[in-house]
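Okay, so the sequence shown: first residue is 620 according to the numbering used here, each after it adds one.
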Amino acid sequence: MIQSFKMVFEANRISTQKIREIIEELTELGVYDSKTGMVSYDNDDKVLEQKIIAILDNIVQNH
């Protein structure tokens with residue numbers, strides 16, 4: 620099943636450089652659509668899902 624969510628950042632809580640890095644990582648995984656700001660992936664792919672979680676978890680741990 621396809622899982623989707625919109626990426627929303629508070630500019631005062633995270634640096635522009637970090638936002639670019641996150642978007643780049645998600646784009647490299649093939650899950651980020653820059654036109655819509657949406658992340659979409661097949662949640663049956665547990666390896667991919669864990670990679671996405673690790674990227675997002677890194678945001679939380681650093682802020």
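Where a beta carbon is used, it is the ideal one built from N, C-alpha and C, also for glycine.
Quick caveat: nothing in here was measured; it's all calculated off a predicted structure.
- Per the C-alpha coordinates, the member of Ile672, Lys665, Ile674 and Ile671 positioned closest to methionine 620 is Lys665.
- Contact annotation, isoleucine 674 with glutamate 644: C-beta distance approximately 5 Å; criterion of less than 8 Å satisfied.
- Residue burial annotation: valine 650 is buried, with at least 16 other C-beta atoms found within 10 angstroms of its C-beta.
- In the structure shown, the three-state DSSP call for lysine 637 is helix.
- The beta-bridge partner set that DSSP reports for glutamine 622 consists of Tyr660.
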